[in-house]
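A.B. asks:
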Amino acid sequence: LSEQSADSDSEEEVILETNTLLDSFLEVVKEHPHAICLEVNQQSMSYLQLQRQMMAYQRLLHQAKPSKGSTDSMDQMGAMLGVLREGCVFSLLGEDFAEQIRALKPDFILARSDEKTWVQLAEICDSSSSSHSSNGKCSLVDASSVNSLLSQPPKARKVVQADDVCCVAVEVHGGVRSAVPASHTTMLQALSAWHPHVQGARISNMTKTGTAGDFLSTWSIFFAAAALVVCDPEQVPQVRTELLICEHDSIPGRVARQAKVLQLPAEGGFTKLPEALPKFGRAGSAESFRSRALRSSSLLSLASSLAPYVLGQSKAEETKSFGEHSWPKLCGAVQGLAILGQPVFVAARLLLAERVMLPLAFIL
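Numbering (the numbering used here), first residue to last: 193 to 556.
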């Protein structure tokens with residue numbers, strides 16, 4: 193009966209009228225239970241499955257009685273939600289987890305014992321227990337058995353208030369790492385401002401793990417009931433995402449296949465808003481022909497003079513505009529002529545310099 197209960201679509205979560213971050217996620221699960229919310233290495237998970245994973249993680253944490261913890265797990269989304277359901281505060285650890293732990297000072301760390309970082313995390317927890325004895329020992333919780341808890345009934349949800357802290361991010365200011373907490377109200381207000389910018393069914397998040405921008409990017413994807421596509425930067429052109437969210441100083445290469453790119457500002461914490469970069473057309477589309485023709489028009493004076501006509505621009509339009517009456521095929525032809533004409537132009541210039549200008553210099 194427990195297995196049938198886990199596979200049943202009638203399982204519902206009680207949504208409390210506390211206006212918390214978890215309530216917003218449960219609303220999305222209620223409206224889009226079978227929509228894909230996460231894709232990792234060609235494996236997908238629906239919002240309903242993520243909710244069940246959340247309950248399994250909460251049951252795992254129930255015995256630990258934690259209060260503030262960090263997750264270093266392949267199932268970070270389910271662990272993050274499970275921490276919230278237990279009424280705790282969550283953080284996410286990235287590659288520089290040792291420095292993040294020093295700034296966060298968590299009460300517990302949720303990880304898997306079969307991961308390569310387990311030994312390092314255990315050493316950090318042991319050293320922190322001696323250096324921060326007044327704050328208590330940082331315990332390491334093994335999440336390897338979480339899959340066996342999926343079929344068991346969930347524990348009761350802990351009630352929290354909207355003004356309670358729900359997450360703690362790690363921000364770097366002047367080379368110094370600091371912990372930046374945020375309440376449920378702060379997160380919900382920030383996500384409301386993010387909502388008009390985050391549109392699409394498949395979205396990739398390339399922000400730094402554990403930062404305020406990472407939390408806002410991830411939860412804004414949940415708000416939009418979209419799929420978070422997890423991949424490496426070099427895999428961005430192959431995963432067919434409709435939106436890419438990245439840091440201010442790092443844009444993955446070959447972003448021309450992306451329909452839209454959102455870039456985070458350098459500072460701002462939980463008040464930062466993403467900025468949309470100029471749209472890049474897909475390979476072979478009319479817009480890619482126009483954008484390439486616009487960039488190559490500066491190579492030759494002839495192409496530069498023909499560019500406004502070919503691109504259908506008027507004098508009132510900006511230089512980045514392609515016009516409403518542009519000709520894509522002619523744009524491609526101009527681009528090809530500009531590329532093929534470069535060697536001829538360079539050879540003609542050298543010939544003119546050697547055969548004409550040099551003899552004239554000797555004569556004069």
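Every residue gets a Cβ at the ideal spot worked out from N, C-alpha and C, and that includes glycine.
Can you name the start and end residues of the beta strand (DSSP E) that proline 373 belongs to?
C.D. replies: Translated into the one-based positions of the sequence shown, residue 373 becomes position 181. Counting along the chain, the beta strand (DSSP E) containing proline 373 begins and ends at 368-375.
A.B. asks: What did DSSP end up calling glutamate 287 once you bin it into helix, strand or coil?
C.D. replies: By 1-based counting over the sequence shown, the position of residue 287 is 95. Correct three-state label for glutamate 287: coil.
A.B. asks: Going by C-alpha to C-alpha distance, which of Leu435, Gly460 and Glu459 sits closest to leucine 469?
C.D. replies: Translated into the one-based positions of the sequence shown, residue 469 becomes position 277. Checked all of Leu435, Gly460 and Glu459; the closest Cα to leucine 469 is Leu435.
A.B. asks: Distance, Cα to Cα, isoleucine 395 vs leucine 342?
C.D. replies: As a first step, residue 395 is located in the sequence shown; it is residue number 203 there, counting from the start. As a first step, residue 342 is located in the sequence shown; it is residue number 150 there, counting from the start. Answer to the nearest angstrom: the Cα atoms are 27 Å apart.
A.B. asks: Just to confirm, are alanine 295 and alanine 371 a CB contact at a threshold of 8 Å?
C.D. replies: Working through the sequence shown from its first residue, we reach residue 295 at position 103. Working through the sequence shown from its first residue, we reach residue 371 at position 179. Yes, they are a contact pair.
A.B. asks: Please say whether asparagine 211 and alanine 354 have beta carbons closer to each other than 8 Å?
C.D. replies: In the sequence shown, the residue the question calls residue 354 occupies position 162. In the sequence shown, the residue the question calls residue 211 occupies position 19. Against a cut-off of 8 Å, the Cβ pair of asparagine 211 and alanine 354 comes out as a contact.
A.B. asks: Serine 336: which of Val390, Gln245 and Phe414 sits nearest, CA to CA?
C.D. replies: In the sequence shown, counting from the first residue as 1, residue 336 sits at position 144. Out of Val390, Gln245 and Phe414, Gln245 has the C-alpha closest to the C-alpha of serine 336.
A.B. asks: Arginine 304 to valine 338, Cα distance in whole Å?
C.D. replies: Position 112 of the sequence shown, counting from 1, holds the residue named residue 304. Position 146 of the sequence shown, counting from 1, holds the residue named residue 338. Computed Cα separation, rounded: 10 Å.
A.B. asks: Would you kindly check if the distance between the Cβ of phenylalanine 414 and the Cβ of valine 220 is under 8 Å?
C.D. replies: The sequence position of residue 220 within the sequence shown is 28, counting from 1. The sequence position of residue 414 within the sequence shown is 222, counting from 1. In contact: valine 220 and phenylalanine 414 (Cβ atoms closer than 8 Å).
A.B. asks: Does the distance from the CB of leucine 213 to the CB of leucine 408 come in under 8 Å?
C.D. replies: Within the sequence shown, the letter at position 21 stands for residue 213. Within the sequence shown, the letter at position 216 stands for residue 408. Not in contact: leucine 213 and leucine 408 (Cβ atoms no closer than 8 Å).
A.B. asks: Cα separation between proline 345 and valine 364?
C.D. replies: Translated into the one-based positions of the sequence shown, residue 345 becomes position 153. Translated into the one-based positions of the sequence shown, residue 364 becomes position 172. Their backbone Cα atoms lie some 41 Å apart in a straight line.
A.B. asks: Quick check: the segment 227-246 against the segment 280-295, are there 3 or more CB pairs under 8 Å?
C.D. replies: Touching, no.
A.B. asks: Between valine 352 and glycine 279, how many whole angstroms is the CB-CB distance? I'm expecting something under 8 Å.
C.D. replies: Here residue 352 is taken as the residue at index 160 of the sequence shown, counted from 1. Here residue 279 is taken as the residue at index 87 of the sequence shown, counted from 1. That pair is a contact at about 5 Å.
A.B. asks: The alpha helix (DSSP H) that contains phenylalanine 462, what's its start and end?
C.D. replies: On the sequence shown, position 270 is the one that residue 462 refers to. First-last for phenylalanine 462: undefined, no H or E at that position.
A.B. asks: Are the Cβ atoms of arginine 369 and valine 360 separated by less than 8 Å?
C.D. replies: As a working note, residue 369 is residue 177 in the sequence shown. As a working note, residue 360 is residue 168 in the sequence shown. For arginine 369 and valine 360, no; Cβs fall outside 8 Å.
A.B. asks: Spatial neighbours of alanine 385 within its chain, please: CB distance less than 8 Å, with the 5 preceding and 5 following residues excluded, ordered by chain position.
C.D. replies: Translated into positions along the sequence shown, residue 385 becomes position 193. Here the set comprises Leu465.
A.B. asks: Where does leucine 532 land, buried or exposed, given buried means 16+ other C-beta within 10 angstroms?
C.D. replies: Numbered from its first residue, the sequence shown carries residue 532 at position 340. Looking at its Cβ environment, which holds fewer than 16 other Cβ atoms inside 10 Å, leucine 532 is exposed.
A.B. asks: Considering only C-alpha positions, which residue in the set Thr410, Leu276 and Lys452 is nearest to histidine 376?
C.D. replies: For this step, residue 376 is matched to residue 184 along the sequence shown. Considering only alpha carbons, the answer is Leu276.
A.B. asks: By how many angstroms is the C-alpha of methionine 272 removed from the C-alpha of tryptophan 411?
C.D. replies: The residue given as residue 411 occupies position 219 in the sequence shown. The residue given as residue 272 occupies position 80 in the sequence shown. Distance between the alpha carbons of tryptophan 411 and methionine 272 is about 11 Å.
A.B. asks: Output yes or no for whether 8 Å exceeds the beta carbon distance between cysteine 317 and leucine 332.
C.D. replies: Here residue 317 refers to the residue found at position 125 when the sequence shown is read from its first residue. Here residue 332 refers to the residue found at position 140 when the sequence shown is read from its first residue. Going by C-beta atoms, cysteine 317 is nearer than 8 Å to leucine 332.
A.B. asks: Am I right that glycine 461 and alanine 404 are in contact with their C-beta atoms under 8 Å? What's the rounded C-beta distance?
C.D. replies: In the sequence shown, residue 461 corresponds to position 269, counting from 1. In the sequence shown, residue 404 corresponds to position 212, counting from 1. About 5 Å separates the two Cβ atoms, so the contact holds.
A.B. asks: Report the rounded CA-to-CA distance for alanine 416 versus glutamine 391, giving the unit in angstroms.
C.D. replies: As a first step, residue 416 must be located in the sequence shown, where it is residue number 224. As a first step, residue 391 must be located in the sequence shown, where it is residue number 199. Near 7 Å, if we compare the C-alpha coordinates of glutamine 391 and alanine 416.
A.B. asks: If you check the beta carbons only, do glutamine 268 and leucine 252 fall under 8 Å apart?
C.D. replies: For the purposes of this step, residue 268 is taken as residue 76 along the sequence shown, with counting starting at 1. For the purposes of this step, residue 252 is taken as residue 60 along the sequence shown, with counting starting at 1. No, the Cβ-Cβ distance between glutamine 268 and leucine 252 is not below 8 Å.
A.B. asks: Considering only C-alpha positions, which residue in the set Val548, Phe289, Cys523 and Ala458 is nearest to glycine 366?
C.D. replies: As a working note, residue 366 is residue 174 in the sequence shown. Selected option, being the one with the closest Cα: Ala458.
A.B. asks: Compare the C-alpha of alanine 374 against each of Tyr239, Val281 and Cys523 and name the closest.
C.D. replies: Along the sequence shown, read from residue 1 onward, the residue named residue 374 stands at position 182. Measuring from the Cα of alanine 374, the nearest candidate turns out to be Val281.
A.B. asks: Give a yes or no on whether the C-beta atoms belonging to glycine 286 and tyrosine 249 are separated by under 8 Å.
C.D. replies: Against the sequence shown, residue 286 aligns to sequence position 94. Against the sequence shown, residue 249 aligns to sequence position 57. For glycine 286 and tyrosine 249, no; Cβs fall outside 8 Å.
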